[in-house]
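Undergrad: Be aware that the sequence shown starts at 1, since it is given in UniProt numbering, and climbs by one per residue.
The C-beta atom is built at its ideal place from N, Cα and C for all residues, glycine as well.
Below are the structure tokens for one structure; questions will follow.
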Amino acid sequence: MAQNIPVKSTKPTTRQVIMNTLNGLSIGIIVALVPSALLNQILKAILPVFPAASSVMALTSAAMVLLPAVSAVCVGMLAHFSPIQTTSLSLAAVMGAGNFKPGDNGFTVSGSGDVINIAITILIGYVIILLLGERLKAYTILLIPMIVLVVAGGIGTLTLGPVSKMTELLGLGIMQLTNLQPIVMGILLGIIFALLIVSPISSVGIAAAINIHGVAAGSANLGIVAASFALAIYGWRVNSVGTSVAHFLGSPKIQMANIMSRPKLMIPISINAGILGGIGALFNIQGTAMSAGFGFSGLIGPIAALDEMGTTVGSLLLVVILFFVLPIAMGLFSHYLFPHKWNFFDAANFQLNYS
């Protein structure tokens, strides 16, 4: 007769907690920011002849400010938290984001918040929920929201200032690269922004904080474009068509957890980004703070470059080559070298599963 052996519930490891947080944050960024990235440039263009487009833009803007809550919900789902635990985590994340500010007539909200501090706040709330577990029993519904909000959210509001300052200083350091010779600066900015886009740090936030523009923005943007297409190509065998396309029409930040758990994967990405960033500086490709941080998403980068150069046959051809043909060619070539010739990585290293 078979015996029923009780199965012990195992607590997640530190690595699992961190990976769940990073994965949830990356999914939240895609869900909250991609609608705006994909639609707003088109909607702005048709606004003079289609005023109703402003209503759609209001929807996408509202989605952006909900990034903290959406990210926390994604983390809660990956962690298999209960609805009470997940929504409590969302409340704390909103407090730590810093985009909700008290005013004379209630709260005002703007932006998507500080991504790094959102991650810190969610991580603290995650740990609190794990520590409390089932200990509160019938009082869970009363105490979990209060404890997670006050402790995790409270700590998040305290760390917001220093973390934001750190982000700003990082941005100022990056901007100093513009004092270098343009091509060298283009290479470095291409690499830096390619690494930013696959890290918890918001590339858009950095670009906006330092008001990066001109050739610096163009090179930074092309670095992200190179990373986007390369990552899509590296993982296309193990990811669906929609997931692969999301790397460049959405954001390569969906690979954040994979890259951060295997830092060596940054090497081929950096090489592609540096080359394309340097070429962009050579051809005087320019952009704005928004284009620098988004890359190819919503065609923001190519449109910004065309706006600066003027829409001619020559400029259009140059943009197509630099923003589409060349990054794909470089991605295919590096995909031939690194995994097939040098066994440096495997397609499974870039696998994403959002089921």
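Using 9 Å as the threshold, is the C-beta distance between alanine 226 and isoleucine 269 below it?
TA: Position 226 of the sequence shown, counted from the start, is the residue given in the question as residue 226. Position 269 of the sequence shown, counted from the start, is the residue given in the question as residue 269. A contact, by the Cβ cut-off of 9 Å.
Undergrad: On the CB-based measure, 16 or more other CB atoms within 10 Å of its CB, does alanine 348 come out buried or exposed?
TA: Locating residue 348 in the sequence shown gives position 348, counting from the first residue. So alanine 348 counts as exposed.
Undergrad: In its own chain, which residues sit with a C-beta less than 6 Å from the C-beta of serine 203, not counting the 5 before and 5 after it?
TA: Residue 203 sits at position 203 when you count from the first residue of the sequence shown. Correct list, in chain order: Phe193, Leu196, Ile197, Gly293.
Undergrad: If you reduce the DSSP assignment to three classes, tell me which class residue 414 lands in.
TA: The chain is shown from 1 up to 355; residue 414 falls before or after that span and cannot be answered.
Undergrad: What would DSSP say about valine 7, mapped onto helix, strand or coil?
TA: Position 7 of the sequence shown, counted from the first residue, corresponds to residue 7. Its pLDDT being 41, under 50, valine 7 is placed unreliably in this model, and the coordinates cannot settle the point.
Undergrad: Give the secondary structure of valine 31 by DSSP, where H, G and I count as helix, E and B as strand, and everything else as coil.
TA: For the purposes of this step, residue 31 is identified with residue 31 of the sequence shown, where counting begins at 1. Note: valine 31 maps to helix in three-state DSSP.
Undergrad: Report all residues from its chain with a CB closer than 6 Å to the CB of leucine 231; omit the five preceding and five following residues, and keep chain order.
TA: In the sequence shown, the residue the question calls residue 231 occupies position 231. Excluding residues within five positions, the ones whose Cβ falls inside 6 Å are His247, Pro252, Gln255.
Undergrad: Quick check on DSSP: helix, strand or coil for valine 109?
TA: The sequence position of residue 109 within the sequence shown is 109, counting from 1. Valine 109 falls in the strand class under three-state DSSP.
Undergrad: In whole angstroms, give me the CA-to-CA distance for proline 339 and valine 238.
TA: Start at 1 with the first residue of the sequence shown, and residue 339 comes out as number 339. Start at 1 with the first residue of the sequence shown, and residue 238 comes out as number 238. Rounded to whole angstroms, proline 339 to valine 238 spans 14 Å at the Cα level.
Undergrad: Under the three-state reduction of DSSP, which class applies to glycine 331: helix, strand or coil?
TA: Here residue 331 refers to the residue found at position 331 of the sequence shown. Helix at glycine 331.
Undergrad: Would you list the residues sitting across from glycine 277 in a DSSP beta bridge?
TA: Here residue 277 refers to the residue found at position 277 when the sequence shown is read from its first residue. Answer is none; glycine 277 lacks a bridge partner.
Undergrad: For phenylalanine 323, does the count of other Cβ atoms within 10 angstroms reach 16, so buried, or fall short, so exposed?
TA: As a first step, residue 323 must be located in the sequence shown, where it is residue number 323. Buried is the call here.
Undergrad: So, with DSSP's three-state summary, where would you put proline 287?
TA: Numbered from its first residue, the sequence shown carries residue 287 at position 287. Per the sequence shown, residue 287 should be read as glycine rather than proline. It is a strand residue.
Undergrad: Can you name the residues that DSSP bridges to glycine 214?
TA: Along the sequence shown, read from residue 1 onward, the residue named residue 214 stands at position 214. The partner list for glycine 214 (beta bridge, DSSP) reads Gly287.
Undergrad: My output table needs one value for glutamate 168: the three-state DSSP class, helix, strand or coil.
TA: Numbered from 1 along the sequence shown, position 168 holds the residue referred to as residue 168. Reduced to three states, the DSSP call for glutamate 168 is helix.
Undergrad: Quick one: Cα of alanine 32 to Cα of tyrosine 336, how far?
TA: Residue mapping note: residue 32 aligns to position 32 of the sequence shown, counting from 1. Residue mapping note: residue 336 aligns to position 336 of the sequence shown, counting from 1. Rounded to whole angstroms, alanine 32 to tyrosine 336 spans 34 Å at the Cα level.
Undergrad: Taking only three categories from DSSP, how would you classify glutamine 16?
TA: By one-based count along the sequence shown, residue 16 stands at place 16. DSSP places glutamine 16 in helix when its eight states are reduced to three.
Undergrad: Look at the Cβ atom of residue 366, then the Cβ atom of leucine 326, and state whether they are nearer than 9 Å.
TA: Limits of the chain in this structure are 1 at one end and 355 at the other, which puts residue 366 out of reach.
Undergrad: Are the beta-carbon atoms belonging to alanine 79 and glycine 153 less than 9 Å from one another?
TA: Residue 79 sits at position 79 when you count from the first residue of the sequence shown. Residue 153 sits at position 153 when you count from the first residue of the sequence shown. Not in contact: alanine 79 and glycine 153 (Cβ atoms no closer than 9 Å).
Undergrad: Apart from the five residues on each side of it in sequence, which residues of its chain come closer than 8 Å, Cβ to Cβ, to valine 245?
TA: Residue 245 sits at position 245 when you count from the first residue of the sequence shown. Excluding sequence neighbours, valine 245 sits near Ala232.
Undergrad: Which same chain residues end up closer than 8 Å to phenylalanine 283 when comparing Cβ atoms and leaving out the 5 residues on each side of it in sequence?
TA: By 1-based counting over the sequence shown, the position of residue 283 is 283. The residues are Leu318, Leu322.
Undergrad: DSSP state of proline 48, grouped into three classes?
TA: The sequence position of residue 48 within the sequence shown is 48, counting from 1. Proline 48: coil per DSSP, three-state reduction.
Undergrad: Between which residues of its own chain and leucine 170 is the CB-CB distance below 8 Å, once the five residues before and five after are set aside?
TA: Your numbering for residue 170 matches position 170 in the sequence shown. These residues qualify, in order along the chain: Ile201, Ile206.
Undergrad: Can you check which of these residues, Gly242, Asn117, Gly274, is closest to proline 182 by C-alpha distance?
TA: The residue labelled residue 182 in the question sits at position 182 within the sequence shown. Nearest C-alpha to proline 182: Gly274.
Undergrad: How many angstroms separate the CA atom of phenylalanine 344 from the CA atom of glycine 331?
TA: By 1-based counting over the sequence shown, the position of residue 344 is 344. By 1-based counting over the sequence shown, the position of residue 331 is 331. One C-alpha to the other measures close to 15 Å.
Undergrad: Report yes or no: do the stretch 102–122 and the stretch 135–147 share at least 3 C-beta pairs separated by less than 8 Å?
TA: Taking 8 Å as the limit for Cβ pairs, the verdict is that the stretch 135–147 does not touch the stretch 102–122.
Undergrad: For glycine 98, which option in Pro145, Ile84, Pro83, Thr121 has the closest C-alpha, if you only look at C-alpha atoms?
TA: Here residue 98 corresponds to residue number 98 of the sequence shown, with the count starting at 1. If we check each option's Cα against that of glycine 98, Thr121 comes out closest.
Undergrad: Is it right to say glycine 103 is buried, meaning 16 or more other beta carbons lie within 10 angstroms of its own, or is it exposed?
TA: Here residue 103 refers to the residue found at position 103 when the sequence shown is read from its first residue. When all chains shown are included, glycine 103 counts as exposed.
Undergrad: Please work out which residues of its chain come closer than 8 Å, Cβ to Cβ, to lysine 8, disregarding the five sequence neighbours upstream and downstream, and give them in chain order.
TA: Start at 1 with the first residue of the sequence shown, and residue 8 comes out as number 8. At lysine 8, the pLDDT of 43 sits below 50, so the modelled position is not reliable and the matter cannot be decided from this model.
Undergrad: Would you identify the three-state DSSP class for glycine 310, choosing helix, strand or coil?
TA: Counting from 1 along the sequence shown, the entry for residue 310 is found at position 310. Of the three classes helix, strand and coil, the one that applies to glycine 310 here is coil, per DSSP.
Undergrad: Among Pro302, Ala217, Asn117, which residue has its Cα nearest to the Cα of threonine 21?
TA: In the sequence shown, residue 21 corresponds to position 21, counting from 1. For the residues Pro302, Ala217, Asn117, the minimum Cα distance to threonine 21 belongs to Asn117.
Undergrad: Looking at alanine 281 and isoleucine 187, is the spacing between their C-beta atoms short of 9 Å?
TA: Within the sequence shown, the letter at position 187 stands for residue 187. Within the sequence shown, the letter at position 281 stands for residue 281. In this structure, alanine 281 lies closer than 9 Å to isoleucine 187 by Cβ.
Undergrad: Between isoleucine 285 and methionine 146, what straight-line distance do the alpha-carbon atoms span, to the nearest angstrom?
TA: Along the sequence shown, one-based indexing puts residue 285 at 285. Along the sequence shown, one-based indexing puts residue 146 at 146. Each residue's Cα considered, the two are about 51 Å apart.
Undergrad: Excluding sequence positions up to five away, which residues of its chain have a Cβ less than 6 Å from the Cβ of alanine 2?
TA: On the sequence shown, residue 2 is found 2 positions in, with the first residue counted as 1. For alanine 2, the predicted model reports a pLDDT of 44, less than 50, meaning its position is unreliable and no value from the coordinates is stated.
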